[in-house]
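S.K.: Have a look at the structure that comes next, please.
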Amino acid sequence: MVERQMTRQFLEDAFCGESKAHMRYLIFSAEAEEKGLKNLSRMWKAIAHAEFVHARNHYRALGYIGSTEDNLQQCIDGETFEIEEMYPVYNNAANFQEENEAVRTTHFALEAEKIHAEWYKNAKKVAEQGKDVEVGKIFICDVCGYTVEGEAPEKCPVCGAPRSKFVEF
2 MVERQMTRQF LEDAFCGESK AHMRYLIFSA EAEEKGLKNL SRMWKAIAHA EFVHARNHYR
62 ALGYIGSTED NLQQCIDGET FEIEEMYPVY NNAANFQEEN EAVRTTHFAL EAEKIHAEWY
122 KNAKKVAEQG KDVEVGKIFI CDVCGYTVEG EAPEKCPVCG APRSKFVEF
């Protein structure tokens, strides 16, 4: 684990940069795929994986990967921060500034994060008993991120997207 503050800050910044690159490249890959640019899509996806590897290595070096219960608590803390502090403030600011797309996207994220926090809390209770969580089919709305177990609804309760917009995991 990295001890020195300057190096620690550099690695945290690098983790953030690699994480953002990973997501950007996956987004670009999906866009290229939709346009029929299969090789470009594949290239972006491959390099996104390399960025994931870099981010994972930095995260490990920082000592942030703990027990399953610790990892779940990190998730709970992160989702709780997003629900109670981050997204309400972002949404209010976007609303005040009449940035309708930002209002929409922060609302979508906030609603999904509420579900994710509950899932992580339940998973932590199960993990504390030394067991794996039981979960059925998971469906994610590809428009807003709404998350549901079991079956996808006919219409997304957050954004109104049809069932066909849900991705199964």
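In the numbering used here, the protein residues as written are 2 to 170.
Heads up, the beta-carbon is just placed ideally off N, CA and C, and yes, glycines get one too.
Values in this document were obtained by computation on a predicted structure and should not be read as measured data.
#1: Considering only C-alpha positions, which residue in the set Lys39, Arg57, Val144 is nearest to Glu102?
#2: Taking the CB atoms as reference points, tell me whether Trp49 and His23 lie closer together than 8 Å.
#3: Exposed or buried, which one is Gly146 when buried takes at least 16 other CB atoms within 10 Å?
#4: Name the DSSP beta bridge partners of Phe167, please?
#5: Under 8 Å: do the segment 76 to 92 and the segment 107 to 122 share three or more Cβ pairs, one atom per stretch?
#6: Are the Cβ atoms of Glu70 and Ala128 separated by less than 8 Å?
#7: Out of Asn58, Leu111, Ile141, state which residue places its alpha-carbon closest to the alpha-carbon of Glu19.
#8: Look at the alpha carbon of Gln10 and the alpha carbon of Ile28, and state the distance between them as a whole number of angstroms.
#9: Have a look at Phe53 and Asn72 and give me their C-alpha separation to the nearest angstrom.
#10: Let's test the definition: count the other Cβ atoms within 10 Å of the Cβ of Ala47 and tell me whether it reaches 16, buried, or not, exposed.
#11: My assumption, with CB atoms under 8 Å, is that Val149 sits in contact with Phe140. Please give the rounded CB distance.
#12: Going by DSSP, what residues sit across from Val149 in a beta bridge?
#13: Going by C-alpha distance, which of Glu34, Ser42, Gly64 is nearest Glu3?
#14: Answer yes or no: do Ala95 and Val104 have a C-beta to C-beta separation smaller than 8 Å?
#15: Check the DSSP bridge columns for Lys156 and list the partner residues they point to.
#16: Helix, strand or coil for Glu80 per DSSP?
#17: Taking the alpha-carbon positions, what's the Lys132 to Pro158 distance?
#18: By the DSSP assignment, the alpha helix (DSSP H) with Gln10 in it spans what residues?
M.R.: Reading it off the structure:
#1: Ranking the options by Cα distance to Glu102, first place goes to Val144.
#2: One point to set straight first is that residue 49 is Ala, not Trp, in the sequence displayed. It is a contact, given that the beta carbons lie within the stated cut-off.
#3: Buried, by the Cβ-count rule.
#4: Cys142
#5: yes
#6: yes
#7: Among Asn58, Leu111, Ile141, the Cα nearest to that of Glu19 is on Asn58.
#8: Taking C-alpha positions only, Gln10 is separated from Ile28 by approximately 27 Å.
#9: 17 Å
#10: So Ala47 ends up on the exposed side.
#11: 5 Å
#12: Phe140
#13: In the sequence as displayed, the identity of residue 3 is Val instead of Glu. Restricting attention to Glu34, Ser42, Gly64, the CA atom closest to the CA of Val3 is found in Gly64.
#14: yes
#15: Pro163
#16: helix
#17: 32 Å
#18: 6 to 35
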